[in-house]
Amino acid sequence: MRKFLHRLYEVGKTPVQSRSMNHSCYLSNIQTVREELGEDVWSELRKSAIGVIVKLKELQYIWSAKVVHHFLANQLAIESSHEIWSLIDSMPLRFSLYEFGEITGLNYDPFDKHDV
């Protein structure tokens, strides 16, 4: 077996999940919200802080909690705050802001701190 950085969690020792997303929330329900709001309000919502949800709906994004859990549970301990490395089938895999942007289609460019 090849040597990589240490795992963030030992095998079988990932933290117990004490909270979870609401599993009855589906992006497909957002179409109903869009129809009720109308295009003017929808357009303003898209530009707001929660516009990311609107964009995910428009991209027909599919979330896989099991894949994300496996990826996070097998993280490697690295010092970068802009990427995650994980072992998948004994191979290191990087997930950075670049991959996030490519997968979701969302903006991952730097932002002006005055906009926050």
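Once you know that position 111 of the sequence shown is 111 in full-length UniProt numbering, the rest is easy, because the numbers rise by one and skip nothing.
All C-beta atoms, glycine included, are put in the ideal place defined by N, C-alpha and C.
Span of the alpha helix (DSSP H) around residue i
i: I50; result: Careful: I50 lies outside any alpha helix (DSSP H) and carries neither H nor E.
i: R34; result: I30 to L37
Per-residue burial, residue i [other beta carbons within 10 Å of its own, 16 or more giving buried]
i: S43; result: exposed
i: S86; result: buried
i: V67; result: exposed
i: V52; result: exposed
i: V41; result: exposed
Rounded straight-line distance, which links the Cα of residue j to that of residue i
i: I88; j: A65; result: 16 Å
i: F100; j: L37; result: 29 Å
i: Q75; j: R7; result: 6 Å
i: H70; j: E10; result: 13 Å
i: R34; j: E102; result: 25 Å
i: I50; j: S81; result: 23 Å
i: D115; j: S48; result: 12 Å
i: L45; j: E39; result: 10 Å
i: I62; j: K55; result: 12 Å
i: K113; j: M91; result: 36 Å
i: E83; j: T32; result: 35 Å
i: P110; j: S28; result: 30 Å
Residue j beta carbon less than 8 Å from that of residue i
i: I30; j: K57; result: yes
i: Y108; j: L97; result: yes
i: L72; j: T104; result: no
What are the start and end residues of each continuous beta strand (DSSP E) run of 3 or more residues lying completely inside the UniProt domain "DUF1985" (72-113), in chain order? 83-88 and 91-96
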